[in-house]
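All residue numbers for the sequence shown refer to the UniProt record's numbering, where the first residue is 1 and numbers rise by one.
Ideal Cβ placement from N, Cα and C applies to all residues, glycine included.
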Amino acid sequence: MAQAVGRNRVVGEYVVGRQIGAGSFSVVWHGRHKVHGTEVAIKEIATLRLNKKLQESLMSEIFILKRINHPNIICLHDIIQVGCRFFLLFLVWNVFVVIKPFTVWWDPDKFEVFE
């Protein structure tokens with residue numbers, strides 16, 4: 001759930017901080033878990049701004065990110081959906097990560113997960 005607490009926005013259990021990036025269809029915020037203090041990058045995507053093809057690309061991106069586990073690729077920690085907004089939470093290690101929008105060309109019949 002996304003809500004305002006005092007002057008801070010809250011998404012799920014995360015307090016939303018300053019903006020650290022933006023793209024055509026998303027904004028990336030610094031976030032911190034309210035209890036544990038875990039730092040995350042929160043990619044906020046308003047799906048109302050996406051046409052059908054871009055919505056399909058978003059679902060493909062989420063599908064792929066949920067399955068990737070590689071030390072050189074940022075880790076998708078959680079997904080929160082509030083109404084027409086998706087919040088993708090990525091773990092951050094002492095460095096802010098710039099998340100650039102990209103297009104996923106994905107054929108589900110040819111997709112393989114490599115370990």
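Item to check | DSSP three-state assignment for S26, whether helix, strand or coil | outcome: strand
Checklist entry - Beta-carbon separation of H30 and V16 under 9 Å? => result yes
Next on the checklist: Using only the alpha-carbon positions, how far apart do S24 and H36 sit?
Outcome noted: 32 Å
Next on the checklist: If the criterion is Cβ atoms closer than 9 Å, does the pair L89 and H77 meet it?
Outcome noted: yes
Checklist entry - If you follow the beta strand (DSSP E) that R85 is part of, which residue opens it and which one closes it? => result R85 to L91
Checklist entry - Would you call F63 buried or exposed, if buried means 16 or more other Cβ atoms sit within 10 Å of its Cβ? => result exposed
Next on the checklist: Tell me the rounded alpha-carbon separation between R67 and I79.
Outcome noted: 13 Å
Checklist entry - How is the alpha helix (DSSP H) around I64 delimited, first residue to last? => result K52 to R67
Checklist entry - With a Cβ-Cβ cutoff of 9 Å, do I74 and A41 count as a contact? => result yes
Checklist entry - Between F86 and the rest of its own chain, which residues show a CB-CB distance below 6 Å, the 5 nearest in sequence each way excluded? => result I45
Checklist entry - To which residues of the same chain is V27 closer than 7 Å at the C-beta, ignoring the five residues directly before and after it? => result Q19 and E44
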